[in-house]
Amino acid sequence: MLREVKNPQHEQYYFRLRLGFMAFFVMSLFALLALRFIYLQITQYTHYQTLAENNRISMVPIVPNRGLILDKNGVVLAHNFFVYTLEITPSKAGNLKTTIAELGQLLEISKADIKRFAKLKSESRNFESIPIRTHLNEIEAARFAVNHYRFPGVAIKSRLYRHYPLGKFGAHMIGYIGRINSKDLVALEKSGDLSNYKGSYHIGKSGVEQFYETQLHGQTGFEQVETDADGHAVRVIARSAPVPGTNLVLSVDSKLQEIAETAFGNRRGALVAINPKTGAVLSYVSQPGFDPNLFVDGIDVDNWKWLNESLDKPLVNRPIRGIYPPGSTFKPFVAMAGLENAKRLPPYRISDPGYYSLANSRHRYRDWKPDGHGMVDMQKAITVSCDTFFYGLALDLGIIRLTDFVRHFGFGAKSGIDIRGENAGLLPTPEWKMRRFKQPWYQGETVIVGIGQGYTLVTPMQLAQATATLANNGVAMRPHTVVAMQSPATGRTVNVAPVVQDRIALKAENIAIVKQGMMDVTLPGGTAASVGANAGYSIAAKTGTAQVIGIKQNAKYDSNSINERHRDHALFIAYAPADNPTIALAVIVENGGHGGSAAGPIARKVMDYYLLGKSPNEPAAQSAKAKLVQPAGHNESAHDE
Amino acid sequence: MNKFFKPLLVHIDSFLMGCLFFTLMVGLFVLYSASGQDFSRIYDQTVNIVLAFFVMWLAANIAPHQLERIAMPLYVLGVVLLVAVELVGSTSHGAQRWLNLGITKIQPSEIMRIAMPMMLAWYFTKLEVRPSAKHFAQAGLLLLVPVALVMKQPDLGTALLITAAGFYVLFLAGLSWKLLVGGTLSLAIAAPFLWTLLHDYQRRRIEILFDPSQDPLGSGYHTIQAMIAIGSGGFAGKGWLNGTQAQLDFIPERTTDFIFAVFSEEFGLLGNILLLSLFSLIILRGLVIASEAKSTFGRLLAGSIALTFFTYAFVNMGMVSGILPVVGVPLPLISYGGTSMVMLCLGLGILMSIATHKNVVAT
């Protein structure tokens, strides 16, 4: 106890002891500093004096070559080429205004060039080299070279530019790079990558270019160079080589991509084709497309305005951002939900009067076929797309059981594809409706979810992914566009392993019923018999039509009398060969009318090429024209709801 | 005249004042050169100095036992404000440090720099018994909470200074060597585990902090240019206003964190030794004041203030000359900036108060 009580004398003694120790500590560290100063200022004086005298060191970043993007056969989708740029280092150039004015007498420098230079200058430090003109031709470069002596701090450099040889084909998937803007800078600073982008002017803005930015960019190297008073490099003191970016090999085939996009003609829409066994994306179409080359060096005002304001919305990445009611393409998944919940198991049948009514209600939920389909079991309900059958099934399942089940197929959630900006779509539930509209859920809303109408919204990506999962007997593979990465530095190729996202426990006999129903769709009597005609392989499919505007009770849909943009969307999902599927796809033709006639032929062309190597025999231009008239022409078969 | 001034100056320690004044003069000369002969900077800095002197005079006239009374409330206020910054603070340059009070913005981490040593000194003063390991653990907790909040902003420099200020109190209060060595060891053992908890980019930042040459285009550039400035200064320096590195804009942050490179280039090794001596005199005078203080509170606080001043100087000169990682710590009394000037002079004012009030306390 005594030991623990404070003793002022002792306390002060120990305190002074410690203080003395700290005084010694302070003086030792100061002595260390003094030694450091002596080392720098006496021992190394000549070295540093020379460095300072020769006007100092500059750090020159060496930008790595951005990785190439290739299709599965090695066709180049994105590559780099060198262009001459005229660049100014503000700290060494003296009066910038007169310099630029004098340069303007020598070469053409536009107002836009000057504007861009001013913007870049405000974003860089003044000892960094900033381009005033890009894409100099040989003559311009030579003309400047002769007059170089008049312009201290101005130099010709060659910089790498990005080019997309296929132009609009696959633009939404490949994406594009653009100038690094202030938002990118903030993100780079946050991730600690800012210094790796010294010297880089571009960054991936969308698609694969954006998602794989880290891999594509590579590691910036640098040269520590001594420069003379004019900023010319005199001697390289140290150098670290850049590590070039990784080349990406996509699973798409550029030829297939071209066939698929051409098949759309002038129509708007989307197509996603997936290998159900691996999740590899085989084709990724968003129509209309755009030329990504416009974005590389900053897009001009006119093109930007057109791309942004066009009613066709070419910039919207439809496969992952376009949300549509799935229409009847939703039915196979509702069917799986029913069978797995032991509803409508064979030999259950209904007699279809052509409409469905709730108990105690006069409202008729119409079948697309006014007279009904006669006796219908589950398999036939899929084949003939019987609405009445699915109205009743949805109600019997209930909205919660229904959505809980189809969620497993990826509806209502992002697919996880390696492209940013996915929309999750919407699977409506009573809870969601209460949150969103502060209203209770009505039975009738459950009824129409059974045929993919109502609040339900899906992306073409989700639809393709769900089809692939069904084709693969419930094993969901994560969709991905990149299948291999090649390191140019080591020459090694690393394959991207397929990832199993989910395994849905489904009974084999239930799968067989749904699959058989879908196979019959492309056979005579099915809703897309023409799509399967003379294919040479079996196709399992489902057509769909999604209403853009509501149709009143007892009114009849007439596509001729409706504004083109208010016509129904045509949907089509399929996989083939039906017994051992290697391709699963979803096609949406906006305002295309009926799924079988408008979207089906596009799917057929894609499958023909993929499975048989068959290209559409008619010239592209002609086929586009033929397609254009088709939706109106096939009027009588329109509407399967 | 004398009769009027004498009571005003009774609490000013003339030795400290002399050193302070001389250092500040040197500082203004360097700033004039570093700012590219910009008189408005000198004017601004003079305003800062006048304000700082007033704060110092006030602090010198407050008796230590009065300071002791506000130690705890000030600390609590500081922590509350730090939490407020975390919740509603405004962000600048990617760090959340400022609290907007409507009329003025304040940086609560600055309050903590002085509140922390006061709080811990108060804590050990209040103890009736010799502090045991348990007490040091409690004091350590008082230290860690605000430091963690400041780190989160993130403001590494200030967090470091607050930690140092608190640690010095713990050490001077008799933190046992066993605990000290044990703590250091366990930290060294825990480090690899903590390392694995960090994100890749966080690790990269720390790696760059300790080895700027890994980031030659970023912070490595600063260090390289600063070392060239110092080295090329040689024995006697290139002369005032004649530093090529400084005048040609090769030194980054040359009026603030890297001002020592400018000084060193223009005044050489001789100047450096002079500056080290001035700093040493201020620090040693502070330690003497601590050793002569009669109360536990005064002792611990004075010791911590003097040693924190040392930490400022050492970390800044160390980072500019390339032996320490670059963290944002200004050079005391020389770097341009009002906040650090006021905080330093507040500390010196407290030292003066402890030095001149000891008789009052004794009676």
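First to last, the protein sequences are chains B and A.
In this text, residue positions in the first sequence follow the working numbering: the first is -8, and each later residue adds one.
In this text, residue positions in the second sequence follow the working numbering: the first is 47, and each later residue adds one.
The C-beta atom is built at its ideal place from N, Cα and C for all residues, glycine as well.
Can you check DSSP and say which residues form a bridge with R357 (chain B)? B:Y346
Determine the chain A residues that contact Q430 (chain B) at a beta-carbon separation under 7 Å, and present them in chain order. Correct list: empty, because the minimum Cβ distance to chain A is about 36 Å.
Going straight from the alpha carbon of L247 (chain B) to that of V240 (chain B), what length do you get? 15 Å
Contact set for L216 (chain A): own chain, Cβ-Cβ below 8 Å, skip 5 residues either direction: Residues of the same chain with a CB within less than 8 Å of the CB of L216 (chain A), apart from the 5 flanking positions on each side, are L166, F182, A185, G186 and L189 in chain order.
In the DSSP assignment, the alpha helix (DSSP H) including K296 (chain B) goes from what residue to what residue? V292 to E300
R124 (chain B), DSSP secondary structure in three states: Note: R124 (chain B) maps to strand in three-state DSSP.
Is there at least one Cβ from chain A nearer than 8 Å to F6 (chain B)'s Cβ? yes
Among residues of its own chain, excluding the 5 on either side of L285 (chain B), which ones have a beta-carbon nearer than 6 Å to its beta-carbon? N294
V644 (chain B) versus B:E422, B:T237 and B:K112, residue with shortest Cα-Cα distance: Absent from the structure is residue 644 (chain B), since the part of chain B shown begins at -8 and ends at 632.
By Cβ distance below 6 Å, which residues in the same chain neighbour S277 (chain B) in space, the five residues on each side in sequence not counted? H163, A261, N308, R309 and P310
Quick one: does L(-7) (chain B) have its CB under 8 Å from some CB of chain A? Bear in mind that the predicted position of L(-7) (chain B) carries a pLDDT of just 43, short of 50, making it unreliable; the figure below should be weighed with that in mind. No, because no Cβ of chain A sits closer than 8 Å to the Cβ of L(-7) (chain B).
Measure the CB-CB distance between L386 (chain B) and T447 (chain B) and report whether it falls below 8 Å. no
Are the C-beta of S350 (chain A) and some C-beta of chain B separated by less than 8 Å? no
Cβ contact (3+ pairs, closer than 8 Å) linking the region 355 to 370 of chain B and the region 295 to 302 of chain B: no
A178 (chain B) touches chain A at which residues, Cβ-Cβ below 9 Å? The contacting residues do not exist; A178 (chain B) stays about 11 Å from chain A at best.
Members of the region 257 to 272 of chain B near chain A, C-beta cut-off 8 Å: Within the region 257 to 272 of chain B, no residue has a Cβ that lies closer than 8 Å to any Cβ of chain A.
Per DSSP, what kind of secondary structure is K533 (chain B) in: helix, strand or coil? strand
Would you please state the rounded distance, in angstroms, between the beta carbons of P323 (chain B) and A537 (chain B)? I believe it to be under 8 Å. No, P323 (chain B) and A537 (chain B) are not in contact; Cβ-Cβ is about 16 Å, not under 8 Å.
With DSSP as the reference, label D378 (chain B) as helix, strand or coil. helix
Taking DSSP's pairing of strands, which residues face N238 (chain B) in a bridge? B:Q477
Residue closest to Y214 (chain A), alpha-carbon to alpha-carbon, out of A:L233, A:A359, A:M197 and A:L353: A:L353
Chain B contact residues for Y267 (chain A), given Cβ-Cβ distances below 8 Å: M50
Span of the beta strand (DSSP E) around A22 (chain B): Unbroken run through A22 (chain B) is the alpha helix (DSSP H), P(-1) to I29; no beta strand (DSSP E).
Please report the straight-line C-alpha distance between G289 (chain A) and E78 (chain B), rounded to a whole angstrom. 29 Å
By DSSP's criteria, F51 (chain A) is part of a beta bridge. Which residues make up the other side? Paired residues: none, contrary to the question.
Can you name the residues that DSSP bridges to N71 (chain B)? B:R153
Run through chain A and tell me which residues come within less than 7 Å of A27 (chain B), C-beta to C-beta. A small correction: the amino acid at residue 27 (chain B) is Arg; Ala does not occupy that position in the sequence shown. Those are S367 and I369, listed as they occur along chain A.
Within its chain, find whatever has a CB closer than 7 Å to the CB of G344 (chain A); leave out the 5 residues flanking it on each side and keep chain order. P110 and I400
Which value, in whole angstroms, describes the spacing of the CA atoms of L157 (chain B) and V66 (chain B)? 10 Å
Three or more beta-carbon pairs under 8 Å between the region 553 to 565 of chain B and the region 48 to 64 of chain A, yes or no? no
Flag S381 (chain A) as yes if its beta-carbon sits less than 8 Å from any beta-carbon of chain B, otherwise no. Not closer than 8 Å to any Cβ of chain B, the Cβ of S381 (chain A) fails to qualify, so no.
Once you ignore the five residues that flank K181 (chain B) on each side, which residues in its own chain have a CB closer than 7 Å to its CB? Contacts found: none.
Do L315 (chain A) and the ligand FMN come close, with the Cβ less than 7 Å from some heavy atom? The model on display carries no ligand, and the ligand FMN is accordingly not part of it.
Using 8 Å as the cut-off, can you tell me whether the region 507 to 517 of chain B makes contact with the region 262 to 276 of chain B, which would need three or more C-beta pairs spanning the two stretches below that distance? no
Can you name the residues of chain A whose CB is closer than 7 Å to the CB of V505 (chain B)? Near V505 (chain B) there are no residues of chain A at all, since even the closest Cβ is about 45 Å away, more than 7 Å.
For L262 (chain B), report the span of its beta strand (DSSP E) as first-last. Counting along the chain, the beta strand (DSSP E) containing L262 (chain B) begins and ends at G260 to I265.
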